[in-house]
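So the number in my numbering is just where the residue sits in the sequence shown, counting from 1, plus 740.
The beta-carbon is built from N, C-alpha and C at its ideal position, and this holds for glycine as well.
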Amino acid sequence: RLNFAAPPFARSPGVQSGRFRNSSGSVMASLAFSGLFLLLLGGPCNGRVFDFEEVGGIRDKDDLNVTWHNGRLVNQTFALLEPGDEFIFPEGTFHLMGGIIGNNLESVTIRIEGTIAYKDDLDSWPTYGDGKSVMQCMYFGNATNLTITSSTQGKIDGKGDRWWGIPGIGYLIREENRPKLLEIESGKGIRIFNLLLKNSPYWTLWVHDVDGLEVGWVDIDARRTKADAHTLIDLTAFNTDGIDVTGKNVWVHDCNIWNQDDCIAVKDNSQNMLFERINASGLGLVIGSISASVVRNITFRDCYLHHTFKGIYTKFRGGDKPGYIEDVLYENIVIDEPEQWGIWIGPAQQSDSKDLCAAHPCSLCWPILPFTECNAPKAGLYKNITLRNVTVINPGKSPGVILADPENPMQNVTFDGVVVKNPEKEPWGKSFYKCVGVEGIATGGTYPVPECFEDRN
């Protein structure tokens, strides 16, 4: 492995900030609904510019020594960055080994004008102190006013195929010991624009404990085949979540996501989040899984889901301590030919073990295989959940599942103009929905009306 000295201080500023594509409507108008805000949105001022190639980065070569050299050089340069600095990956492909870390960066811009491609050498991948748990591809901790962007569309390729392994077998070998493509922890005023995040080995973008996040014009793609569907082969790219987030004051907009797990997932201890103008296909627009925490004031609006596996998906996992999902709005959503459930509000349908049909708390094999279970956690409470102007077209299964423990029923669930066109009757027959433990109303031309709702059409 090559050992290169830290790069010299880079040249004086000379690269102009790229122009971002505009979204419709003003930013302030979009954020006003919940008082979202971002901190210090200005770009770099009077800082230095580090061009990765000029400080010693090697492009277009992917042998092991080069990837270690490039990865080490990125870490060394990140350690030099000061407020106002800009780090540029120029045009071309730079192959890196994982384990990239940037801690305590403040008012720094990272600009990806070419491609970052991670080495898919699993045996050489760096691990944490235990020697087993793999490090993330790229990690930022305690960043303030960090911008990751491109003047065109930068690309980060996780080379996930090798990590996913042989369809149906790879997960049994590696389970979830795979690197996240980009992780940001405990950040403030984070902005991520104009990127293609491709084939992450595990979760794609994981931003947690954040206060002030904007993600815009980001495309995420994780698939094994070119099929316009989530085939059984594609779905074995387990855990390739798109955007997972916890914290507060979050705005995600104008993104395209195709993956094999949660497209967007709002996780524990989250509030004041807006997701809009998103095209998504995977396990849908998700809140969860949640346990022993509070998630409130979450809005998804103006979204289109093409050939998605699930559509609207909210979920509690197990646990004895109370958890709450409340003040949630899904508005102006089109779910076009979902392959499974268009609407699922209930327990997490997942397995956390090698037994893929284990109920944790609801089996992935339910209700198709006999003797499988779907258990609604007793401690999870849904409150003030509204679906408005939601259209589901030609679902592959019955319209959906709305399931809570009858001893702790959902409160104030409203379907306002929720219309399923050509609803499939399997597996729920003329009931259309599996609907248990819900205090709900249907209005605004909702069809079909879940049996456990009050019909006010």
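Under a CB-based cut-off of 9 Å, is residue i close to chain C?
| i | result |
| --- | --- |
| K1123 | This model lacks chain C altogether; it includes just one protein chain. |
Please go through the same chain and pick out, in chain order, the residues whose beta-carbon is closer than 6 Å to the beta-carbon of residue i, but skip the five residues on each side of it.
| i | result |
| --- | --- |
| I997 | I960, G982, C1003, A1020 |
| E1164 | P1135, K1137, S1138 |
| I1073 | C1043, V1130 |
| R1196 | I1181, T1183 |
| A769 | Only weak support exists for where A769 lies, its pLDDT of 34 falling under 50; the value from the coordinates is given anyway. Excluding sequence neighbours, A769 sits near nothing in its chain. |
| Q756 | Legend: pLDDT at Q756 = 28, less than 50; position of this residue unreliable, no value from coordinates given. |
| G927 | A883, V950 |
| L922 | M878, L945 |
| V1189 | A1182, D1195 |
| G908 | T976 |
| I888 | I850, I932 |
| F1172 | S1138, P1139, P1163, P1188 |
| E1113 | A1099, S1103 |
| Y1064 | V1034, L1121 |
| D1156 | R1128, T1183, G1184 |
How far does the beta strand (DSSP E) with residue i in it reach, from first residue to last?
| i | result |
| --- | --- |
| G1063 | 1063-1076 |
| F1056 | 1052-1056 |
| T807 | Per DSSP, T807 belongs to no beta strand (DSSP E); it is in the alpha helix (DSSP H), 804-818. |
| G987 | 983-998 |
| K1007 | 1004-1021 |
| C1175 | 1173-1176 |
| G929 | 928-938 |
| I924 | 922-925 |
| T887 | 887-889 |
| E822 | From DSSP, E822 is part of no beta strand (DSSP E); its letter is neither H nor E. |
| W957 | 945-961 |
Pick out whichever of the options has its Cα sitting closest to the Cα of residue i.
| i | options | result |
| --- | --- | --- |
| T855 | E822, L936, I1027 | L936 |
| D800 | F829, V1006, A819 | F829 |
| K1170 | T1131, Q1090, V955, E1191 | E1191 |
| F989 | D968, L975, K966, D951 | Here the sequence assigns Asn to residue 989, which means Phe is not the residue at that position. Comparing Cα-Cα distances from N989 to each of D968, L975, K966, D951, the minimum goes to D951. |
| G898 | G1051, E853, T976, T980 | T980 |
| P1101 | Q1090, T986, Y868, F1111 | Q1090 |
| C995 | D1008, L972, R1041, A1032 | R1041 |
| F790 | T807, G832, V848, S1033 | V848 |
| K1055 | H1047, S1033, I1075 | S1033 |
| N1009 | L921, H948, R851, D1060 | H948 |
| N934 | I896, D1076, R963 | I896 |
| I973 | G910, S890, G1063 | G910 |
| T1037 | N1162, K1007, L1045 | The residue asked about is misnamed: residue 1037 is Asn in this sequence, not Thr. The residue with the shortest Cα to Cα distance from N1037 is K1007. |
| W1081 | L912, I1108, Y1064, E822 | I1108 |
| K920 | G824, A969, D984 | D984 |
| I924 | F834, I1052, F1111, V955 | V955 |
| T807 | E831, E822, I1030, Y858 | Y858 |
| P823 | D802, H835, H809, L845 | L845 |
| H1047 | A967, D825, Y1064 | A967 |
| H993 | F978, W957, P1110 | W957 |
In terms of residue numbering, what span does the alpha helix (DSSP H) encompassing residue i cover?
| i | result |
| --- | --- |
| Y911 | 910-914 |
| D1095 | D1095 -> no alpha helix (DSSP H), and no H or E assigned at all. |
| R902 | 900-904 |
If residue i and residue j are in contact, beta carbons under 8 Å, what's the gap, nearest whole angstrom?
| i | j | result |
| --- | --- | --- |
| D1145 | K1123 | Actually they do not touch by this definition, with Cβ atoms about 14 Å apart. |
| N843 | N882 | 6 Å |
| I932 | Y879 | Going by Cβ atoms, the distance from I932 to Y879 rounds to 14 Å, so no, they are not a contact pair. |
| Y1070 | L1143 | About 17 Å; that fails the 8 Å criterion. |
| N1152 | E1179 | 7 Å |
| G900 | A962 | 6 Å |
| G1086 | K1050 | Going by Cβ atoms, the distance from G1086 to K1050 rounds to 12 Å, so no, they are not a contact pair. |
| F1015 | T986 | About 14 Å; that fails the 8 Å criterion. |
| L1104 | P1078 | With a Cβ gap of about 16 Å, L1104 and P1078 do not count as contacting. |
| G1140 | A1088 | With 8 Å as the limit, G1140 and A1088 do not qualify as a contact, their Cβ atoms being about 15 Å apart. |
| S891 | E916 | Not a contact, Cβ separation roughly 35 Å. |
| D1076 | I1133 | 5 Å |
Please list, in chain order, all residues of the same chain as residue i whose beta carbon is under 7 Å from its beta carbon, the five residues on each side excluded.
| i | result |
| --- | --- |
| V1158 | L1127, V1130, T1186 |
| P1149 | G1177, V1178, E1179 |
| D861 | L804 |
| Y1212 | This structure cannot speak to residue 1212, because the chain is shown only from 741 to 1197. |
| R761 | With a pLDDT of only 31 at R761, under 50, the local geometry of the prediction cannot be trusted, and no value is derived from it. |
CB-CB under 8 Å to residue i, same chain, minus the five flanking residues each way: which ones, in chain order?
| i | result |
| --- | --- |
| D1092 | A1098, H1100 |
| P866 | M837, G838, G839, V874, M875 |
| G905 | Y911, I913, R914 |
| T965 | T971, I973, D974 |
Check your understanding: Residue ranges of each beta strand (DSSP E) run of no fewer than 3 residues wholly in the region 1117-1148, ordered along the chain?
Key -> With a minimum length of 3 residues, the continuous beta strand (DSSP E) runs that stay inside the region 1117-1148 are 1120-1133, 1140-1143.
Point to revise | Entirely enclosed beta strand (DSSP E) segments - the region 826-875, minimum 3 residues | key: 826-829, 833-836, 840-843, 849-852, 855-858
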